[in-house]
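S.K.: Using our numbering, the first residue of the sequence shown is number 144, and each one after it goes up by one.
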Amino acid sequence: MAMSVCHALCLALHIARLPLVIAYLPPTSPPWQPTYDLANSTISMQCNSSGWSSPERGAEFGIISYDWSNSKVQWAASKPMDCEERLAKQAEMTGQQGTGSHVFVYRNLVKALPWFTTVREKLNDPAYSGWFLRFKPSAAPYHVPACAAENQSKCSTFYHDQEQTPAVPTAAQPHPDGSCTDGVCDCGTQPCGEYLFDHRNGSMLRDWLIKEHIGGPAGLRNPSVHGFFMDDYWCSNLICAQDPSVAGCPCRDPVQGPTEVDKNNQADMGLSDEDVRDIALGWNETMAAVEKSILGAGAYTWWLMDGQTNANAGPTLLKRDTCASQLRGACTESSHWQRSPQLFGLTINSSAVAPAQLEQDVAFFQLARGDYAWLGWGVWGMTWPFNAEPAHGELPPLPYGVPRPALLSKDFGKPSGLCKETRSGVFERGYTKAHISLDCNTFTASLESHPILASRKGLIV
Ligand SMILES: *[C@@H]1O[C@H](CO)[C@@H](O)[C@H](O)[C@H]1NC(C)=O
Ligand SMILES: *[C@@H]1O[C@H](CO)[C@@H](O)[C@H](O)[C@H]1NC(C)=O
Ligand SMILES: *[C@@H]1O[C@H](CO)[C@@H](O)[C@H](O)[C@H]1NC(C)=O
Ligand SMILES: *[C@@H]1O[C@H](CO)[C@@H](O)[C@H](O)[C@H]1NC(C)=O
Ligand SMILES: *[C@@H]1O[C@H](CO)[C@@H](O)[C@H](O)[C@H]1NC(C)=O
Ligand SMILES: *[C@@H]1O[C@H](CO)[C@@H](O)[C@H](O)[C@H]1NC(C)=O
Numbered sequence: 144m145a146m147s148v149c150h151a152l153c154l155a156l157h158i159a160r161l162p163l164v165i166a167y168l169p170p171t172s173p174p175w176q177p178t179y180d181l182a183n184s185t186i187s188m189q190c191n192s193s194g195w196s197s198p199e200r201g202a203e204f205g206i207i208s209y210d211w212s213n214s215k216v217q218w219a220a221s222k223p224m225d226c227e228e229r230l231a232k233q234a235e236m237t238g239q240q241g242t243g244s245h246v247f248v249y250r251n252l253v254k255a256l257p258w259f260t261t262v263r264e265k266l267n268d269p270a271y272s273g274w275f276l277r278f279k280p281s282a283a284p285y286h287v288p289a290c291a292a293e294n295q296s297k298c299s300t301f302y303h304d305q306e307q308t309p310a311v312p313t314a315a316q317p318h319p320d321g322s323c324t325d326g327v328c329d330c331g332t333q334p335c336g337e338y339l340f341d342h343r344n345g346s347m348l349r350d351w352l353i354k355e356h357i358g359g360p361a362g363l364r365n366p367s368v369h370g371f372f373m374d375d376y377w378c379s380n381l382i383c384a385q386d387p388s389v390a391g392c393p394c395r396d397p398v399q400g401p402t403e404v405d406k407n408n409q410a411d412m413g414l415s416d417e418d419v420r421d422i423a424l425g426w427n428e429t430m431a432a433v434e435k436s437i438l439g440a441g442a443y444t445w446w447l448m449d450g451q452t453n454a455n456a457g458p459t460l461l462k463r464d465t466c467a468s469q470l471r472g473a474c475t476e477s478s479h480w481q482r483s484p485q486l487f488g489l490t491i492n493s494s495a496v497a498p499a500q501l502e503q504d505v506a507f508f509q510l511a512r513g514d515y516a517w518l519g520w521g522v523w524g525m526t527w528p529f530n531a532e533p534a535h536g537e538l539p540p541l542p543y544g545v546p547r548p549a550l551l552s553k554d555f556g557k558p559s560g561l562c563k564e565t566r567s568g569v570f571e572r573g574y575t576k577a578h579i580s581l582d583c584n585t586f587t588a589s590l591e592s593h594p595i596l597a598s599r600k601g602l603i604v
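1. For V505, which three-state DSSP category applies?
2. What residue range is occupied by the uninterrupted alpha helix (DSSP H) comprising V262?
3. Give the secondary structure of L154 by DSSP, where H, G and I count as helix, E and B as strand, and everything else as coil.
4. Decide if W175 is buried, meaning its Cβ has at least 16 other Cβ atoms within 10 Å, or exposed.
5. Would V496 pass as a contact of P528 if the rule is Cβ separation under 8 Å?
6. Would you report the Cα separation of E591 and D350, rounded to the nearest angstrom?
7. In whole angstroms, what separates the C-alpha of F586 from that of L550?
8. In terms of DSSP beta bridges, what is D416 paired with?
9. Taking A292 as the reference, give the member of Q305, F301, P284 and Y285 with the closest Cα.
10. Buried or exposed, going by whether 16 or more other CB atoms sit within 10 Å of the CB of R200?
11. Cα-Cα, which of W523, A423, E403 and R420 is closest to T459?
12. For the alpha helix (DSSP H) containing H479, list its first residue and its last residue.
13. Contact between the stretch 222 to 237 and the stretch 251 to 266 is defined here as three or more beta-carbon pairs at a separation below 8 Å; is this criterion met?
14. With a CB to CB cut of under 6 Å and the five nearest residues on each side skipped, what residues in its chain are close to A511?
15. Please look up how many angstroms separate the CB atoms of A442 and L363, rounded, as I've assumed it's under 8 Å.
16. For the candidate residues A283, L518, L348 and P257, whose alpha-carbon lies nearest to that of T490?
17. May I ask which residues mark the beginning and end of the alpha helix (DSSP H) holding V311?
18. What is the rounded straight-line gap between the Cα of G425 and the Cα of K462?
19. Measure the alpha-carbon distance for K265 versus A499 and round it to whole angstroms.
20. Is G135 near ligand 3, with its Cβ less than 7 Å from a heavy atom?
21. Is the Cβ-Cβ distance between C328 and P309 less than 8 Å?
22. To the nearest angstrom, how far is it from the Cα of T242 to the Cα of M347?
23. Which residue wins for smallest C-alpha separation from F340, given the options Q239, N427 and F204?
24. What do you get for R566, buried or exposed, if any count of 16 or more other CB atoms within 10 angstroms of its CB means buried?
25. According to DSSP, N251 sits in a beta bridge with which residue or residues?
26. Got a sec: does ligand 3 put a non-hydrogen atom nearer than 7 Å to the Cβ of N267?
27. In terms of alpha-carbon separation, which member of T475, C378 and D416 lies closest to N453?
28. Could one say the Cβ of S415 lies closer than 8 Å to chain C's Cβ atoms, at least one of them?
29. By Cβ distance, which residues of its chain are closer than 7 Å to G391, with the 5 residues on each side in sequence left out?
30. Within 10 Å of its beta-carbon, does R572 have 16 or more other beta-carbons around it, so buried, or fewer, so exposed?
31. Since R471 is in the alpha helix (DSSP H), which residue starts that stretch and which ends it?
32. With a 10 Å radius around its C-beta and 16 neighbouring C-beta atoms as the bar for buried, classify A588 as buried or exposed.
33. Which of helix, strand or coil does DSSP assign to G336?
34. Do the stretch 229 to 239 and the stretch 276 to 294 touch if we need at least three Cβ pairs shorter than 8 Å?
35. With respect to 7 Å, is the separation between the Cβ of A166 and the closest non-hydrogen atom of ligand 1 below this value?
36. With 16 as the cutoff for other CB atoms within 10 Å, does V419 come out buried or exposed?
Quick look at the structure:
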């Protein structure tokens, strides 16, 4: 008890003097056992906006993370909208495949999205009005509508923009980002839109985010949900001026404030630069508490992987011209490659929609990886393309898009040590069932199984 009071006081002092001290956590490993099984070390962010994502395909990945737009055709038509329940249902269907995949779902702690039921219930309830940012009436007319496009008498005093928001299709906009049906968009008593949490509210909002939005029945209380992709962040010009090295600085997504929100939001809400800074600091403090609660529940978030803060989903790729320097870095015990959880990406030939250097990338992964590492489709977002592209017949077999290459199911065993540069530009690492090498001079890989062990395994099987 005494300790927690002291802790709170210390935190308050730090906020006053050193704004950047209490904030989201440094890269941290998941609370589960490491695995060197390659198939279990794969990752994908999945989304099928026209329906469920194939649970069989999702269950092929060590981590499979479902985006909010998954099954959007269905949840945007629901009355009321049920994105949150559908994410949980998708997690259950994928979990039922029994492959031991860690299934993640989407959350947003910056935007209060009313197509998530737990958020909508609070937006609808005046008792929680302190959790949400408001329009400033004297700033009217606003740059975004306060009332629903389909019903001018359905209005909100809470700030909300219309980006990435489901709408009733019109002649001018026949394909909105999610189509509501029967002329009605049901986000509750408020119009649909991207609302914003006011993180200056502090512990009341924070405790609810942790217990219900993250920890509730569609979140960590659901045994099929093992983690989250958490989207968006707050950026403050005052914080950036004080320290330009702060993640996200300079603020340009598209302006300071909440990311991916209408660029006039600060004026429409009448927020000062100090207000924006205070909300950014409150958000950051909440992020740290949320991350701790997720880890404490045995779960994980994308945000805790090295380089993945601020809603990043950007893997490291092997490049031919930096191959040797990348591996020299990775082959030391104290490097971030060995110490922090890392995301690796396969280099993709975009016209072929296929890995361009699969053997080299797998060799690089096996050489450079530490206890926690994942390999996936190497473009930002890391969505393995399940869905068939209609055009040109260029894609591999239908109906479920690009198959996972057989090489990613190969069992190399466990590493017997770190990788070593055995000749200039040539890197090798022993595994219990294979010997891995990558020659950065010729850019050729070798992934040889140990013949004796391989045949012994054959006898046992
Ligand atoms: C949030 O906290 C992290 C970790 O201390 C820091 O790197 C980041 O710059 C902070 N962001 C803001 C907006 O304060
Ligand atoms: C993880 O490895 C186990 C044992 O090899 C395997 O049965 C399971 O299917 C793998 N899971 C995934 C998601 O690759
Ligand atoms: C996406 O959803 C549609 C509609 O349910 C379905 O026909 C299709 O097979 C799904 N695609 C994948 C890759 O899951
Ligand atoms: C947080 O919001 C609640 C609900 O509206 C309100 O009662 C409380 O006073 C707010 N707290 C702060 C510190 O703003
Ligand atoms: C329009 O919104 C008002 C206020 O929320 C509501 O009472 C009314 O039923 C809505 N009209 C339609 C046609 O949905
Ligand atoms: C990418 O794929 C296309 C089509 O298969 C092929 O013609 C091209 O050579 C490939 N590019 C590279 C850099 O491998």
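In this text, a Cβ means the ideal position worked out from N, Cα and C, and glycines have one as well.
Computed from a prediction, not measured in an experiment: that's the story for all the values here.
M.R.: Short version:
1. Translated into positions along the sequence shown, residue 505 becomes position 362. The answer is helix: DSSP assigns V505 an H, G or I state.
2. The residue given as residue 262 occupies position 119 in the sequence shown. Residues T260 to N267.
3. Position 11 of the sequence shown holds residue 154. Its pLDDT being 41, under 50, L154 is placed unreliably by the model, and the measurement read from it follows with that caveat. Of the three classes helix, strand and coil, the one that applies to L154 here is helix, per DSSP.
4. Reading the sequence shown from its first residue, position 32 is the one you call residue 175. Exposed, since its Cβ has fewer than 16 Cβ neighbours within 10 Å.
5. Within the sequence shown, numbered from 1, the residue matching residue 496 stands at position 353. Within the sequence shown, numbered from 1, the residue matching residue 528 stands at position 385. In this structure, P528 lies closer than 8 Å to V496 by Cβ.
6. Taking the sequence shown and counting its residues from 1, one reaches residue 591 at position 448. Taking the sequence shown and counting its residues from 1, one reaches residue 350 at position 207. E591 and D350 have their C-alpha atoms spaced approximately 52 Å apart.
7. Stepping through the sequence shown from its first residue, residue 586 is reached at position 443. Stepping through the sequence shown from its first residue, residue 550 is reached at position 407. Their backbone Cα atoms lie some 18 Å apart in a straight line.
8. Indexing the sequence shown from 1 puts residue 416 at position 273. Under DSSP, D416 takes part in no beta bridge, so it has no partner.
9. On the sequence shown, position 149 is the one that residue 292 refers to. Shortest Cα-Cα distance from A292 to any of Q305, F301, P284 and Y285 involves Q305.
10. Taking the sequence shown and counting its residues from 1, the one referred to as residue 200 is at position 57. Buried is the call here.
11. Working through the sequence shown from its first residue, we reach residue 459 at position 316. Nearest of W523, A423, E403 and R420 to T459, Cα basis: W523.
12. Position 336 of the sequence shown, counted from the first residue, corresponds to residue 479. That run of the alpha helix (DSSP H) goes H479 to R482.
13. With a cut-off of 8 Å, the stretch 251 to 266 and the stretch 222 to 237 count as touching, because enough Cβ pairs lie within range.
14. Here residue 511 refers to the residue found at position 368 of the sequence shown. Taking C-beta separations shorter than 6 Å and ignoring five residues to either side along the sequence, the partners of A511 in its chain run A473 and W480, following chain order.
15. The count along the sequence shown starts at 1 and reaches residue 442 at position 299. The count along the sequence shown starts at 1 and reaches residue 363 at position 220. With a Cβ gap of about 6 Å, A442 and L363 count as contacting.
16. Residue 490 sits at position 347 when you count from the first residue of the sequence shown. When only C-alpha atoms are compared, the closest one is L518.
17. As a working note, residue 311 is residue 168 in the sequence shown. Element bounds for V311: n/a, residue is neither H nor E.
18. Numbered from 1 along the sequence shown, position 282 holds the residue referred to as residue 425. Numbered from 1 along the sequence shown, position 319 holds the residue referred to as residue 462. About 39 Å.
19. Here the question's residue 265 lines up with position 122 in the sequence shown. Here the question's residue 499 lines up with position 356 in the sequence shown. Rounded to the nearest angstrom, the two C-alpha atoms are 48 Å apart.
20. In the structure as shown, the chain begins at 144 and stops at 604. Residue 135 is therefore absent and cannot be evaluated.
21. Residue 328 sits at position 185 when you count from the first residue of the sequence shown. Residue 309 sits at position 166 when you count from the first residue of the sequence shown. Cβ distance < 8 Å, so C328 and P309 count as in contact.
22. The residue given as residue 242 occupies position 99 in the sequence shown. The residue given as residue 347 occupies position 204 in the sequence shown. Rounded to whole angstroms, T242 and M347 show a C-alpha spacing of 38 Å.
23. Counting from one through the sequence shown, the residue named residue 340 turns up at place 197. The residue from Q239, N427 and F204 with its alpha-carbon nearest to that of F340 is N427.
24. Counting from 1 along the sequence shown, the entry for residue 566 is found at position 423. Only exposed fits R566, as fewer than 16 other CB atoms lie within 10 angstroms of its CB.
25. The sequence position of residue 251 within the sequence shown is 108, counting from 1. Bridge partners of N251: D374.
26. Residue mapping note: residue 267 aligns to position 124 of the sequence shown, counting from 1. No, since every heavy atom of ligand 3 falls outside the 7 Å radius drawn around the Cβ of N267.
27. Locating residue 453 in the sequence shown gives position 310, where the first residue counts as 1. Among T475, C378 and D416, the Cα nearest to that of N453 belongs to C378.
28. Here chain C cannot be found, since the structure has a single protein chain.
29. Stepping through the sequence shown from its first residue, residue 391 is reached at position 248. Y376, C378 and N453, listed in sequence order.
30. Taking the sequence shown and counting its residues from 1, one reaches residue 572 at position 429. Buried, because 16 or more other Cβ atoms sit within 10 Å of the Cβ of R572.
31. Here residue 471 refers to the residue found at position 328 when the sequence shown is read from its first residue. First-last of the alpha helix (DSSP H) with R471: C466 to A473.
32. Reading the sequence shown from its first residue, position 445 is the one you call residue 588. Residue burial is scored here from C-beta neighbours: A588 has at least 16 other C-beta atoms within 10 angstroms and is therefore classed as buried.
33. Locating residue 336 in the sequence shown gives position 193, where the first residue counts as 1. The answer is coil: DSSP assigns G336 none of H, G, I, E or B.
34. Between the stretch 229 to 239 and the stretch 276 to 294, the count of C-beta pairs closer than 8 Å stays below three; the two stretches do not touch.
35. Counted from its first residue, the sequence shown places residue 166 at position 23. Yes, Cβ of A166 sits closer than 7 Å to a heavy atom of ligand 1.
36. Here residue 419 refers to the residue found at position 276 when the sequence shown is read from its first residue. V419 sits buried, since 16 or more C-beta atoms from the chains shown fall within 10 Å of its C-beta.
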